[in-house]
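**Student:**
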Amino acid sequence: MKIILIALLLCLSAATHAADKPIVAGSKAALIVVDVQNCFVEGGTLPVKDGMAVVPVINKLAPAFENIVVTQDWHTPGHASFASSHAGKKPFETTAMPYGTQVLWPDHCVQGTPDAALVKALTLPTAQLIIRKGFHKDVDSYSAFEEADHKTSTGLAAYLKARGIRTVFVVGLATDFCVAWTAMDARKAGFETFVIEDAARAIDLNGSLAAAMGSMKKAGVKVIESSAVSTP
Ligand SMILES: [Zn+2]
72 MKIILIALLL
82 CLSAATHAAD
92 KPIVAGSKAA
102 LIVVDVQNCF
112 VEGGTLPVKD
122 GMAVVPVINK
132 LAPAFENIVV
142 TQDWHTPGHA
152 SFASSHAGKK
162 PFETTAMPYG
172 TQVLWPDHCV
182 QGTPDAALVK
192 ALTLPTAQLI
202 IRKGFHKDVD
212 SYSAFEEADH
222 KTSTGLAAYL
232 KARGIRTVFV
242 VGLATDFCVA
252 WTAMDARKAG
262 FETFVIEDAA
272 RAIDLNGSLA
282 AAMGSMKKAG
292 VKVIESSAVS
302 TP
């Protein structure tokens, strides 16, 4: 009896230890840095509250990753996701698009403008790929993997698989839209997926953050803090 009890205690302590142990990213993991662009931080056209706060956290995480992918929201002028493209509509209202309900945004992240540039303080010298999304005039793309029609691929899943990536860590802006959609599509594509909560910030429009958190949990996305990842 005593032996069983000791064995049980040892097992429990091992399990606790494993949970506390920092995650080592390794060569089969990639960091996906979503839309850390001037448009989505203070002073931009669609600022996410406290958006700049993600930058030091991401800069600290980056050296832990051999593989880094960056995304940029990259819209045509007059893009279908802009309220200004729909007569009588205001930003943050919705409209029906052939692919589903679309939230209408202020004009933002127009291709080639300083507003669409990556935030200068973001330090990712080892990033190998930039995925630009939302460049088809009539379709939005929150996800780094698929456009909002859920048909058109960006090619990211194939790229990551070709490089032997099994796990992705998603950070950036905004938690409840582009980060969440990217993380859920990563799960759909078969990747183990983490969202690093303190390296992301939300727009939180009509309860969108709670809804996104619920959907991510259901999809098997693990939400962690940056302190859980081992950094050099
Ligand atoms: Zn956009």
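Residue numbers (the working numbering): 72 to 303. Positions of the beta carbon are idealized from the N, C-alpha and C atoms, including for glycine.
Grab me the residues of ASP269's own chain with a C-beta within less than 6 Å of its C-beta, minus the 5 sequence neighbours each way, in chain order.
**Tutor:** The residue given as residue 269 occupies position 198 in the sequence shown. Excluding sequence neighbours, ASP269 sits near VAL128, GLU296 and SER297.
**Student:** According to DSSP, is TRP252 part of a helix, a strand, or is it coil?
**Tutor:** Numbered from 1 along the sequence shown, position 181 holds the residue referred to as residue 252. Looking at TRP252 - three-state DSSP - the assignment turns out to be helix.
**Student:** Measuring straight from C-alpha to C-alpha, what distance separates ARG258 and THR223?
**Tutor:** Stepping through the sequence shown from its first residue, residue 258 is reached at position 187. Stepping through the sequence shown from its first residue, residue 223 is reached at position 152. ARG258 and THR223 have their C-alpha atoms spaced approximately 17 Å apart.
**Student:** Please specify which runs of the beta strand (DSSP E), each continuous and at least 3 residues long, are wholly inside the stretch 139-209, giving them in chain order.
**Tutor:** Fully enclosed beta strand (DSSP E) runs of 3 or longer: 165-168, 171-174 and 200-204.
**Student:** Would you give the residue range spanned by the alpha helix (DSSP H) that ILE129 belongs to?
**Tutor:** As a position in the sequence shown, residue 129 is number 58, starting the count at 1. Under the DSSP assignment, ILE129 falls in the alpha helix (DSSP H) whose first and last residues are 125-132.
**Student:** Any contact of the stretch 212-228 with the stretch 154-165, i.e. 3+ C-beta pairs under 8 Å?
**Tutor:** no
**Student:** Is SER155 close to ligand 1? I mean its beta-carbon at under 7 Å from any heavy atom of the ligand.
**Tutor:** Translated into the one-based positions of the sequence shown, residue 155 becomes position 84. No, the beta carbon of SER155 sits no closer than 7 Å to any heavy atom of ligand 1.
**Student:** Any idea what DSSP makes of SER388, helix, strand or coil?
**Tutor:** Residue 388 lies beyond the stretch modelled for the chain, which goes from 72 to 303, so this question has no answer here.
**Student:** Would you say ASP211 touches ligand 1, meaning its beta carbon is less than 7 Å from a heavy atom?
**Tutor:** Taking the first residue of the sequence shown as 1, we reach residue 211 at position 140. At least one heavy atom of ligand 1 is nearer than 7 Å to the Cβ of ASP211, so yes.
**Student:** Whose C-alpha, out of GLU164, THR238 and ALA271, is nearest the C-alpha of ALA245?
**Tutor:** Position 174 of the sequence shown, counting from 1, holds the residue named residue 245. Looking at the Cα atoms, ALA271 is the closest of the given residues.
**Student:** Which residues bound the alpha helix (DSSP H) around LEU231?
**Tutor:** Here residue 231 refers to the residue found at position 160 of the sequence shown. It spans 227-233 - the alpha helix (DSSP H) in which LEU231 sits, taken as one unbroken run.
**Student:** Quick one, are the C-beta atoms of GLY226 and ASP106 less than 8 Å apart?
**Tutor:** Position 155 of the sequence shown, counting from 1, holds the residue named residue 226. Position 35 of the sequence shown, counting from 1, holds the residue named residue 106. No, Cβ-Cβ distance for GLY226 and ASP106 is not below 8 Å.
**Student:** Can you tell me where the beta strand (DSSP E) holding GLY285 begins and where it ends?
**Tutor:** Numbered from 1 along the sequence shown, position 214 holds the residue referred to as residue 285. Counting along the chain, no beta strand (DSSP E) covers GLY285; the unbroken alpha helix (DSSP H) around it starts and ends at 279-289.
**Student:** Between LEU195 and VAL141, is the Cβ-Cβ spacing less than 8 Å?
**Tutor:** Numbered from 1 along the sequence shown, position 124 holds the residue referred to as residue 195. Numbered from 1 along the sequence shown, position 70 holds the residue referred to as residue 141. Cβ distance < 8 Å, so LEU195 and VAL141 count as in contact.
**Student:** Any heavy atom of ligand 1 within a distance shorter than 7 Å of the CB on SER152?
**Tutor:** On the sequence shown, residue 152 is found 81 positions in, with the first residue counted as 1. Because some heavy atom of ligand 1 lies under 7 Å away, the Cβ of SER152 counts as near it: yes.
**Student:** Would you check if the distance between the CB atom of ALA101 and the CB atom of ILE236 is smaller than 8 Å?
**Tutor:** In the sequence shown, the residue the question calls residue 101 occupies position 30. In the sequence shown, the residue the question calls residue 236 occupies position 165. Yes, the Cβ-Cβ distance between ALA101 and ILE236 is below 8 Å.
**Student:** Would a C-beta distance cut-off of 8 Å place ALA192 and TRP176 closer than the cut-off?
**Tutor:** Mapped onto the sequence shown, residue 192 falls at position 121. Mapped onto the sequence shown, residue 176 falls at position 105. Against a cut-off of 8 Å, the Cβ pair of TRP176 and ALA192 comes out as no contact.
**Student:** So which of LEU189, GLN173 and LEU132 has the shortest CA-CA distance to PRO162?
**Tutor:** If you number the sequence shown from 1, residue 162 lands on position 91. Out of LEU189, GLN173 and LEU132, GLN173 has the C-alpha closest to the C-alpha of PRO162.
**Student:** Could you pull out every residue in the same chain whose Cβ sits closer than 8 Å to the Cβ of CYS82, ignoring the five residues on either side in sequence?
**Tutor:** Taking the sequence shown and counting its residues from 1, one reaches residue 82 at position 11. In this predicted model, CYS82 has a pLDDT of only 48, less than 50, meaning its place in the structure is not dependable; the value taken from the coordinates is given anyway. Cβ within range, chain order: n/a, list empty.
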